[in-house]
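K.L.:
Take this structure, written in structure tokens, and hold onto it; I'll ask about it next.
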Amino acid sequence: MRSEEEHHDIVIVGGGICGLATALALHRKGVKSLVLERSERLRATGAAIGIFMNGWCALDRLGVGGVLRDKSIPIPVIQEAWHHKSTVQVKSSRVEDFRCLKRTDLIQVLFDNLPAGSVRLGCQIVAVEGDSSTSFPILYVHDGSIIKAKVLIGCDGSNSIISKSLGLGALNSLPNCVIRGLTNYPNGHDLERCFLRNLDNGYMAFGRIPIDDKLVHWFVDWPYPDRDTDASKDPKFIMELAMQQIKDYPAEMIEMVESSNPSSLNLTRIRYRSPWHLVFGNFRRGTMTVAGDAMHMMGPFLGQGGCVALEDAVVLARNLAEAMPMGLEGGRVGDGELKKRIEAAFENYVKERKPRVLRLAMQSMLVGMLISSPSKIKRLLSLALLVVFFGGASLSYTRYDCGPL
Numbered sequence: 001m002r003s004e005e006e007h008h009d010i011v012i013v014g015g016g017i018c019g020l021a022t023a024l025a026l027h028r029k030g031v032k033s034l035v036l037e038r039s040e041r042l043r044a045t046g047a048a049i050g051i052f053m054n055g056w057c058a059l060d061r062l063g064v065g066g067v068l069r070d071k072s073i074p075i076p077v078i079q080e081a082w083h084h085k086s087t088v089q090v091k092s093s094r095v096e097d098f099r100c101l102k103r104t105d106l107i108q109v110l111f112d113n114l115p116a117g118s119v120r121l122g123c124q125i126v127a128v129e130g131d132s133s134t135s136f137p138i139l140y141v142h143d144g145s146i147i148k149a150k151v152l153i154g155c156d157g158s159n160s161i162i163s164k165s166l167g168l169g170a171l172n173s174l175p176n177c178v179i180r181g182l183t184n185y186p187n188g189h190d191l192e193r194c195f196l197r198n199l200d201n202g203y204m205a206f207g208r209i210p211i212d213d214k215l216v217h218w219f220v221d222w223p224y225p226d227r228d229t230d231a232s233k234d235p236k237f238i239m240e241l242a243m244q245q246i247k248d249y250p251a252e253m254i255e256m257v258e259s260s261n262p263s264s265l266n267l268t269r270i271r272y273r274s275p276w277h278l279v280f281g282n283f284r285r286g287t288m289t290v291a292g293d294a295m296h297m298m299g300p301f302l303g304q305g306g307c308v309a310l311e312d313a314v315v316l317a318r319n320l321a322e323a324m325p326m327g328l329e330g331g332r333v334g335d336g337e338l339k340k341r342i343e344a345a346f347e348n349y350v351k352e353r354k355p356r357v358l359r360l361a362m363q364s365m366l367v368g369m370l371i372s373s374p375s376k377i378k379r380l381l382s383l384a385l386l387v388v389f390f391g392g393a394s395l396s397y398t399r400y401d402c403g404p405l
């Protein structure tokens, strides 16, 4: 066991998309930070991620939009096929600036644009508390070492220790999971450039999005398996679940799943933070706050989890940099004044983000009920609320601009 003590100005817990994007946003503003990631290598849970216009807006502000666009093809159409008994109803919608990226590509590009030494791997935080004299955060690491920070940002996902420290409520779960995978076609595929979603009797069943001319991302919705956690990580078990769900689907879809790369297979329980928790939850305390899934975990029904996390990164860095234009040390202010400035920055950040994420969380929850609820009454109620408050199937939420960095 180590008993070392370190001091850092800004510590970000979590080296996923949100954590790396937040570090990069701060770096672009001339502010140094340290990212702590518990995994021994860069984390990229899930096979791929859809990026809508609002996500690209944030990536452009981070200075990496161009290089990432080169790694994917534009997808101009979202097509939904509703299967009911012997009939199929197809609906197509135009979508602006939508692409699908391999998560590893996004993570790597964010990482590559950070200064050397910005990310520390294999560093698991086991507890957080406030310093009795300064109220600044103290982090306890699994190896016994201690890290003291002036600013702590939790980007540590659905099982966030920072969210728990803030007293945020537990996440809700749907009785569904999503299986995701990647299939490579060495000689190229002839799929249309569209995001295809198949719904069977109202339930989401299968979807696919081309990433480029050879690689395709697919996903299958399935009732959460009554198996232990270790079994749900077994590629063979995941493949069996996926094949069982789509056994009556066209041969092209079955072949796509069968031919997927086993290492890309991922099974995830659908969890979300209740909109009521977003209304009443405390997303900051002192100089500590949260972003991304740690703040507003939502189901995949709108495809906005990653995009909104990128928005968080830009907004958080902007507010922090505005409060400290010369950096945490540049102004040589006392700890008391420094704490007040950081708290004000985080208060502005939360005020700006809460209406945005609350609306998305509510919309995502209603779409999830519409797709997965076995109750016809709940589905009809969800549809009515979506039409009244969100314009039905409108994609207006993808045209949100998070503002300049």
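Going by UniProt numbering, the sequence shown opens with residue 1, and the numbers climb by one from there.
Backbone N, C-alpha and C define an ideal beta-carbon position, used for all residues, glycine too.
Quick caveat, the model's predicted, so the values are computed rather than measured.
So, is V279 buried or exposed, given that buried needs 16 or more other C-beta atoms within 10 angstroms?
P.N.:
Looking at its Cβ environment, which holds fewer than 16 other Cβ atoms inside 10 Å, V279 is exposed.
K.L.:
Which residue wins for smallest C-alpha separation from L310, given the options L24, I10, G169?
P.N.:
When only C-alpha atoms are compared, the closest one is L24.
K.L.:
For the pair the region 154-171 and the region 294-309, tell me if three or more CB-CB distances fall below 8 angstroms.
P.N.:
Short answer: they touch.
K.L.:
Please classify Y397 as buried or exposed, where buried requires at least 16 other C-beta atoms within 10 Å of its C-beta.
P.N.:
Under this definition Y397 is a buried residue.
K.L.:
On a CA-only basis, which of L383, D335, L110 is nearest S118? Give me that one, please.
P.N.:
The residue with the shortest Cα to Cα distance from S118 is L110.
K.L.:
Along the chain, which unbroken stretches of the beta strand (DSSP E) at least 3 residues long are found entirely within the region 233-292?
P.N.:
Taking only runs of at least 3 residues, the beta strand (DSSP E) segments lying wholly in the region 233-292 are 266-272, 288-290.
K.L.:
Assign W276 to one of two classes, buried (16 or more other C-beta atoms within 10 Å of its C-beta) or exposed (fewer than that).
P.N.:
The residue in question, W276, is exposed, as its Cβ has fewer than 16 Cβ neighbours within 10 Å.
K.L.:
What are the complete beta strand (DSSP E) segments, minimum 3 residues, inside the region 28-81?
P.N.:
The qualifying runs are 34-37, 48-51.
K.L.:
Please work out which residues of its chain come closer than 7 angstroms, Cβ to Cβ, to P223, disregarding the five sequence neighbours upstream and downstream, and give them in chain order.
P.N.:
Counting only Cβ-Cβ distances below 7 angstroms, and skipping sequence neighbours, we find P175, N176.
K.L.:
Roughly how many angstroms separate the alpha carbons of N266 and F206, rounded to a whole number?
P.N.:
Cα to Cα, the separation comes out at about 15 angstroms.
K.L.:
What do you get for R94, buried or exposed, if any count of 16 or more other CB atoms within 10 angstroms of its CB means buried?
P.N.:
Exposed, since its Cβ has fewer than 16 Cβ neighbours within 10 Å.
K.L.:
Thinking C-alpha only, which one of L302, A344, E352 is nearest V315?
P.N.:
Closest by alpha carbon: E352.
K.L.:
Using the Cβ count rule (16 or more neighbours within 10 Å means buried), how would you classify L182?
P.N.:
L182 comes out buried.
K.L.:
Measuring only the C-alpha atoms, how far is G368 from S145?
P.N.:
Computed Cα separation, rounded: 42 angstroms.
K.L.:
Label residue 415 either buried or exposed according to how many other C-beta atoms from any shown protein chain fall within 10 Å of its C-beta, with 16 as the threshold for buried.
P.N.:
Residue 415 lies beyond the residue range present for the chain, which begins at 1 and ends at 405; the question has no answer from this structure.
K.L.:
Give the single residue among G46, F237, L380, D212 whose Cα lies nearest to the Cα of T268.
P.N.:
Nearest of G46, F237, L380, D212 to T268, Cα basis: G46.
K.L.:
What are the residues that DSSP puts in a beta bridge with E129?
P.N.:
Beta-bridge pairing links E129 to I138.
K.L.:
Report the option in L215, K214, L199, F219 whose CA atom is closest to the CA atom of R208.
P.N.:
The residue with the shortest Cα to Cα distance from R208 is F219.
K.L.:
So, at 6 angstroms on beta carbons, what are the nonlocal neighbours of M1 in its own chain, with the 5 sequence-adjacent residues on each side left out?
P.N.:
Residue confidence is low: M1 scores 48 on pLDDT, short of 50, so the model does not pin down where it sits. Its coordinate-derived value is still stated next. So the qualifying residues of the chain are G144.
K.L.:
Check for me: the beta strand (DSSP E) holding R99 runs from which residue to which?
P.N.:
Per DSSP, R99 belongs to the beta strand (DSSP E) from 99-102.
K.L.:
Tell me, which residues are paired with G154 by DSSP?
P.N.:
Answer by DSSP bridge pairing, in chain order: V13, V290.
K.L.:
Can you tell me the Cα-Cα spacing of P374 and L380, whole angstroms?
P.N.:
Taking the straight line from one Cα to the other gives about 11 angstroms.
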